[in-house]
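Protein chains in written order, with our numbering: chain A, 1 to 335; chain B, 1001 to 1335. Step one of this worksheet: look at the structure below.
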DNA sequence: CTGTTAGCGCGTTCAT
DNA sequence: ATGAACGCGCTAACAG
């Protein structure tokens, strides 16, 4: 039924080793022989079996990607970066959603390892001891992607979330704002939640502005929770003159709430956030936000992984990509 | 180095066949033996090699997914549906972006087939003869996902794009609009472009409204092209009283352009579109749009594929999922 | 430059 | 219920 390397060999009148050589572009084949083999391949419609090749060579040219949720635009962008670079180096990607749930993460790591991936890209919640254990149970290279690792034991590429938040809030402060509300993500989330909150706090502290609980609301990254938080802020006696939101979506929720209350952005209240998703340039006013290079995070981590898989010597295994404030129209000087 | 089934056999004092049986849940093993084997597995940290298993069993429990662009929210949603169901049936997903480019599509189909995937989910541009040829070159089941196939030769699941557009435009007409502009996608795209335009046309024709070229602009699905198209419409002598946009993004571009011209949505101009992306509920006014069940398209096509891979008899192989108009705030009765 | 020969790790008869 | 032996399709020495 299926045509194998052996059939080709017979058809071309050579040995299977020779067929293997031409298929794998080994230079040690006479051009004429090569031609004969190619013709036989063509005639028989031979297609190499990558599984057999994987078993014999102990390489699958496949890498596993653990991702929280591919339907989340942020991660999808990372995934595209990963796939583009993988493709460039002739790797394929096995994609697994794990929703930042530890059990699911450990589980997919194991099935990925069973599938003999040549490398692993991990994007998830916190990296626990259990994760490390699962990683160490095999010798395939791993790189953490947009994921923090307290133990700092594994190669990783990410941005500096704390600094990103710090910079955003500092922009507000440099515009004269001193009454700044924060719409945070859950503080349990080390990167998008806790770190950004820390940046907010540090920016205030360095400016000598007291951090008060009433100016902090915790949301769930989504539009609706931005609305909810903003409704709260608007009813405050000392209403903030500026809002720092941990995500664009929450920022947009805040903007709409402000506008619905017949206040203006940025004239009455300024808004800044972090993400720079497509939506940031699809609101009125255009949203000032700090851009995270998500595509690049994916691309760079995949590139790092190729080096690791290639057993190249990589000195720096902790890569922090730069972020950038995209100044648009949602921040103004305080009145 | 790596511990194999053979090592486990020795450690447990049984044959490798027995180990294979317990690993694969074959009932023909004495409980006591099973226990011994499990203990040996635990002790040695044995992890089955899926590649070797794939070679021996001719099954990889892996399916290939060809997708236009995972960083596009619409497709990412489909992908999540696919992965969830795949996961449920213990399949893994190899994900390949092909950007709707024919050559790239054919190329990834072939590498996926080389990897011996048990099935293929294809999401792309048009399905040409060359695609069919590539599909037919192997006997693995294929299902088309959100992709039209003129030849109608391959199992597929999609929505009725023409009808979706028709319904949207009809809602406009039933609100008294007779001067309706369309912001279309490229007409070369059979589903999102051409079919939606056809639906627009048919709705007008059935209402006895002439279809005039001046009321049709072709965009590229994006926000910016919605802006551009709307600028054109606004300067028209007989300005449309309603706009049908082929995507939410273009619709939002139109809305903002209308508002920037100091006109109101929907009081002055109504806007409707199709997609029901998250953004539809993140604009003011909230966007009325027809919802496509993208997650379901992914889930249903993956489910169909599992049946096909399982050699179950499936009668209907052309599944059309229902769409639904989500009425929000961007459409009003004509003044 | 080419062919021979072993495995790679596992599923699967076929015996027992 | 268990074991022996073969083969899945290919790569990788090694020999010539």
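Glycine included, C-beta positions come from ideal geometry on N, C-alpha and C. Keep in mind that this is a model prediction, so the values were computed, not measured.
Query, Result
"Three-way DSSP call (helix, strand, coil) for residue 1010/B in this model", "helix"
"Interface positions of the segment 51-63 of chain A facing chain B (Cβ-Cβ less than 8 angstroms), listed along the chain", "51, 52, 54, 55, 60, 62"
"Exposure label - residue 1302/B; buried when at least 16 CB within 10 Å", "buried"
"Simplified DSSP assignment, three categories, for residue 230/A", "helix"
"Outcome for residue 1032/B when other beta-carbon atoms lying within 10 angstroms are tallied against a minimum of 16", "exposed"
"Test item: CB-CB of residue 67/A and residue 97/A under 8 angstroms", "yes"
"Against chain B: residues of the segment 112-138 of chain A by CB proximity under 7 angstroms", "113, 114, 115, 116, 137"
"Residue 1313/B in three-state terms, based on DSSP", "coil"
"Cβ neighbour criterion (16 or more within 10 Å) applied to residue 101/A", "exposed"
"Residue-level contact to chain A via CB, residue 1213/B, 8 angstroms cutoff", "no"
"Residue from 1247/B, 1034/B, 1002/B, 1217/B with nearest C-alpha to residue 1236/B", "1217/B"
"Cβ-based contacts, 9 angstroms cut-off: residues of the segment 256-277 of chain A near chain B", "256, 259, 260"
"Short-range partners of chain B found in the segment 70-90 of chain A, where Cβ spacing is below 7 angstroms", "70, 71, 73, 76, 77, 79, 80, 83"
"Local conformation of residue 1034/B per DSSP, three classes", "helix"
"Listed by chain order, chain A residues near residue 1096/B by CB distance under 9 angstroms", "83, 87, 92, 93"
"Neighbour list for residue 47/A in chain B, Cβ cutoff strictly below 9 angstroms", "1110, 1113, 1114, 1137, 1138"
"Beta strand (DSSP E) segment containing residue 217/A, residue limits", "216-218"
"Given residue 245/A as reference, the closest of 45/A, 107/A, 276/A once Cα atoms are compared", "276/A"
"Proximity test, Cβ basis, 8 angstroms: residue 1303/B and chain A", "no"
"Closer than 8 angstroms to chain B by CB, residue 284/A", "yes"
"Which of helix, strand or coil DSSP assigns to residue 1069/B", "coil"
"Assigned exposure category for residue 1116/B - 16 Cβ within 10 Å defines buried", "buried"
"Inter-stretch contact (C-beta, 8 angstroms, three-pair minimum) for the segment 56-76 of chain A and the segment 1072-1086 of chain B", "yes"
"Cβ contact check for the segment 42-52 of chain A and the segment 262-273 of chain A: 3 or more pairs under 8 angstroms", "no"
"As assigned by DSSP and simplified to three states, the class of residue 1154/B", "coil"
"Those runs of the beta strand (DSSP E) which lie wholly inside the segment 1253-1322 of chain B and span at least 3 residues", "1270-1275, 1288-1291, 1318-1321"
"Near-chain B residues of the segment 229-245 of chain A - C-beta to any C-beta below 7 angstroms", "none"
"Where the beta strand (DSSP E) containing residue 1016/B begins and where it ends", "Counting along the chain, residue 1016/B falls outside any beta strand (DSSP E), though it belongs to the alpha helix (DSSP H) covering 1016-1023."
"Contacts around residue 176/A, its chain only, beta-carbon distance under 7 angstroms, and the 5 residues preceding and following it disregarded", "333, 334"
"Segment contact, 8 angstroms Cβ cut-off, at least three pairs: the segment 1214-1228 of chain B with the segment 1143-1151 of chain B", "no"
"C-beta contact flag for residue 94/A and residue 64/A at 8 angstroms", "yes"
"Neighbour flag for residue 279/A against chain B, beta carbons, 8 angstroms", "yes"
"First through last residue of the alpha helix (DSSP H) which encompasses residue 1184/B", "Counting along the chain, residue 1184/B falls outside any alpha helix (DSSP H), though it belongs to the beta strand (DSSP E) covering 1180-1184."
"Short Cβ contact (8 angstroms threshold) for residue 247/A with residue 270/A", "no"
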